[in-house]
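Numbering (this note's numbering), first residue to last: 1491 to 1701. I have placed the structure first, in the form of structure tokens, so that the comments after it can refer back to it.
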Amino acid sequence: MPFDLSPAPTVLFQGDSITDAGRDRAVPDSLGRGYAALAAAAVRTAHPGATVLNRGVSGNRISDLAARWERDTLAHRPDLLSLMIGVNDTWRRYDSGLASPVERWEADYRGLLDVLRERVPGVRLLLIEPFLVPVAPAQRAWREDLDPRIHAVRRIARDHGALLLAADGLLAQAALTGGDPAAIAADGVHPTPTGHRLLAEAWAGLALGGA
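This is the structure we're talking about:
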């Protein structure tokens, strides 16, 4: 069911490079060129008085997000938080040998939301599961690490009464239907304009009823 938001809500997009999408960090209102910017347009159509912020940071893992949670999330007191994090925790295992045990990752994720709920009562949550659209054979091995994170986000969404954007299945289906995974995410992780559009449409359908 879509959120029942106030006429002038603060909507905050938070996450890693997929959310960041090239935003200008010197400009507080910059939304980047990805799904967050597209979804923001839908928010403003439904709620012309809305404040929409993007604080995604490229390369972030859960530990990086935790380090800036106070400044970049809690300080904005959002009415709606949209959060996508996790693929870098998997990616760094395979390209840098940096392990991020899923049990600890889930606990840290839950801890961030617990603090948010305590500090910002009534905040609505939309959680976007991490995803992978493999374009290279080696990426298929990432599933061993990523799939448990996807299931963790689903559990967290259930436990927090959050809306869940099941991005992994959405983009996998688009890649299968289109016949070219690289048309959805050129490197398997970062969406193309088509991938960002699909995420934004799904986001608006969940949060706003397709507005």
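The C-beta atom is built at its ideal place from N, Cα and C for all residues, glycine as well.
With a cutoff of 7 Å on beta-carbon distance, L1571 and V1613 are scored as near each other.
With a cut-off of 8 Å on Cβ pairs, the stretch 1593-1601 is not in contact with the stretch 1521-1531, counting fewer than three such pairs. Taking C-alpha positions only, E1608 is separated from G1669 by approximately 45 Å. If only uninterrupted beta strand (DSSP E) runs of at least 3 residues are considered, those enclosed by the stretch 1533-1600 are 1541-1544 and 1570-1574.
For G1659, there is no enclosing beta strand (DSSP E); the enclosing alpha helix (DSSP H) covers residues A1657 to G1668. With the rule of 3 Cβ pairs closer than 8 Å, the stretch 1544-1551 counts as touching the stretch 1576-1585. Boundaries for R1645: no beta strand (DSSP E) harbours it, while the alpha helix (DSSP H) harbouring it runs R1633 to H1650, taken from the DSSP string. In the DSSP annotation of this structure, the continuous segment of the alpha helix (DSSP H) that includes L1689 starts and ends at P1683 to L1698.
Contact check for L1660 against A1692 passes: the beta carbons are separated by less than 7 Å. Separation of P1611 and A1673 (C-alpha to C-alpha, rounded to the nearest whole angstrom) is 40 Å. By the neighbour-count definition (other C-beta atoms within 10 Å, threshold 16), D1677 is an exposed residue.
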